[in-house]
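Enquirer:
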Amino acid sequence: MRADAETLNEQITASVSLLRRHLDWDVALRRLDELNAKAEDPGLWNNADLANKLMRERSRLADQTEGVLRMEQSVRDALELVELAEAEGDADTADAAVADLKTLAVEAKRREIESLLSGEADQNDAYVEVNAGVGGTEAQDWAEMLLRMYQRWAEQHGYKVALTEQSDGEEAGIKSATLQVTGPAAYGWMKTETGVHRLVRISPFGGNDKRQTSFASVYVYPVVDDKIEIEINPADLRTDTFRASGAGGQHVNKTESGVRFTHIPTGIVAASTQDRSQHKNRAIAMNMLKARLYELELSKREAVSAGIEAGKTDIGWGHQIRNYVLQPYQLVKDLRTGLEKGNPAAVLDGDLDEFMAAALAARVGATRSEASASAR
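Under numbering that gives the first Met the number 0, the first residue of the sequence shown carries the number 0, and numbering increases by one thereafter.
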């Protein structure tokens, strides 16, 4: 038992050490003290927007720092308990303490990964755009399955989900749809889902019982803060209004409430059918367009814009990031990380945490390599 406990202790210590480094521990503690002092100032709420922003930062820092201190104390307690239990020959107590260490190791890894969500927009809400690709009705049905998967994932994590745009398929499924996901670090987590997703299954639409391959693309970009200035030249915009499809009653079918903006220099399109009011849909679509342009700028800074856009140009072979195989066997495999899960039904019902964490953990591995190199 002691050997298991020491191994787990090493894993937790490594994660906590990197977590402290990512947080810039001393700076984080000073900043938390500053925020606590500001929270006691009655005049803070004279500016509600600023106050909310500071309180969110305070809550995030408090959770991170208090979590580290609590884990460190819990590890010490568990190790002492293992030592005492072994001295007294109490195997049950030792087993329970080791189980506690295993739980702490999982939490430490999760917090280590979450500490990577420190990019400029990682704490923002997210837009999730799903587009059907190669495969006709099959692909449109697959796109709807993906849309549901992200809705389920978001709901399971307590995020608010709103459907801002949807274009239905001719026979089944959707041609495209966009979700707005609102919650802590929604973009930071969901950005790992950007790419092409490939489905292999027996077609539910044909009678030949042959396997079909379908593709759909997912593109995730951050909701921009009101304080972020994105300038758009009106001459660079093409505006279209249209009748919204799908549920919504007679109003949707008889009025052109849907709004679509096309940014001519970049080819970026943003549309909204969320509201019955064309005026409100115009505002929603404009916010989405600004978010897309903002994400494009972030990507350029990170020197990955070309790769993202290339992945969006051909929704088919050679561009997929994840395979979902339903027949002749059951498997979901992420082609970037090699992570596999043998329960596609659970994944399609929103069980995505391991895939998202693995994509972020790849950065942790790089950080550890850099840390080891610098130590040498």
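Cβ atoms here follow ideal geometry from the backbone N, Cα and C, with glycine treated the same way.
Are T163 and T177 closer than 8 Å when you measure CB to CB?
Expert: Sequence index remark: in the sequence shown, residue 163 carries index 164 (1-based). Sequence index remark: in the sequence shown, residue 177 carries index 178 (1-based). Contact flag set, yes.
Enquirer: Please classify G248 as buried or exposed, where buried requires at least 16 other C-beta atoms within 10 Å of its C-beta.
Expert: For the purposes of this step, residue 248 is identified with residue 249 of the sequence shown, where counting begins at 1. Unreliable placement is indicated for G248, whose pLDDT of 42 sits below 50; no coordinate value is reported for it.
Enquirer: Hey, A131 and A269: beta-carbon distance below 8 Å or not?
Expert: Counted from its first residue, the sequence shown places residue 131 at position 132. Counted from its first residue, the sequence shown places residue 269 at position 270. The answer is no: Cβ separation not under 8 Å.
Enquirer: Spatial neighbours of Q10 within its chain, please: CB distance less than 7 Å, with the 5 preceding and 5 following residues excluded, ordered by chain position.
Expert: Numbered from its first residue, the sequence shown carries residue 10 at position 11. Excluding residues within five positions, the ones whose Cβ falls inside 7 Å are A104.
Enquirer: What are the residues that DSSP puts in a beta bridge with N322?
Expert: Numbered from its first residue, the sequence shown carries residue 322 at position 323. For N322, which the question treats as bridged, DSSP gives the partners R197 and K332.
Enquirer: Looking at the secondary structure, which residues open and close the alpha helix (DSSP H) in which V74 lies?
Expert: Here the question's residue 74 lines up with position 75 in the sequence shown. A47 to A86 is the extent of the alpha helix (DSSP H) around V74.
Enquirer: Mind the definition here: the stretch 91-98 touches the stretch 68-83 only if three or more C-beta pairs lie below 8 Å; say whether that holds.
Expert: Contact holds: three or more Cβ-Cβ distances are below 8 Å.
Enquirer: Which whole-angstrom value is the C-beta distance of L34 and E56, which I expect to be below 8 Å?
Expert: Numbered from 1 along the sequence shown, position 35 holds the residue referred to as residue 34. Numbered from 1 along the sequence shown, position 57 holds the residue referred to as residue 56. So it is a contact: roughly 6 Å between Cβ atoms.
Enquirer: Mind checking which residues open and close the alpha helix (DSSP H) that includes H262?
Expert: Indexing the sequence shown from 1 puts residue 262 at position 263. From DSSP, H262 is part of no alpha helix (DSSP H) but of the beta strand (DSSP E) over G257 to H262.
Enquirer: So what does DSSP say about T265, is it helix, strand or coil?
Expert: Within the sequence shown, the letter at position 266 stands for residue 265. DSSP places T265 in coil when its eight states are reduced to three.
Enquirer: Identify the residues that DSSP records as bridge partners of E164: which are they?
Expert: Taking the first residue of the sequence shown as 1, we reach residue 164 at position 165. Per DSSP, T177.
Enquirer: Please name the residue, chosen from H262, H21, Q211 and N45, that lies closest to V133 on a Cα-to-Cα basis.
Expert: Here residue 133 is taken as the residue at index 134 of the sequence shown, counted from 1. The option with the nearest alpha carbon to V133 is Q211.
Enquirer: Round the Cβ separation of A120 and L297 to the nearest angstrom and send it over; I've been treating them as touching at under 8 Å.
Expert: Your numbering for residue 120 matches position 121 in the sequence shown. Your numbering for residue 297 matches position 298 in the sequence shown. Their Cβ separation, rounded to whole angstroms, is 6 Å, which keeps A120 and L297 in contact under 8 Å.
Enquirer: Does the Cβ of R69 have 16 or more other Cβ atoms within 10 Å, making it buried, or fewer, making it exposed?
Expert: As a position in the sequence shown, residue 69 is number 70, starting the count at 1. Flag for R69 reads exposed.
Enquirer: State the CB to CB distance for the pair I263 and D235, rounded to an integer number of angstroms; the pair is presumed to be in contact (CB under 8 Å).
Expert: Here residue 263 is taken as the residue at index 264 of the sequence shown, counted from 1. Here residue 235 is taken as the residue at index 236 of the sequence shown, counted from 1. That belief holds up - the Cβ atoms of I263 and D235 are roughly 5 Å apart, short of 8 Å.
Enquirer: Starting from Q211 and walking both ways along the beta strand (DSSP E), at which residues does that stretch end?
Expert: Counting from one through the sequence shown, the residue named residue 211 turns up at place 212. Looking at the DSSP string, the run of the beta strand (DSSP E) that includes Q211 is R210 to P221.
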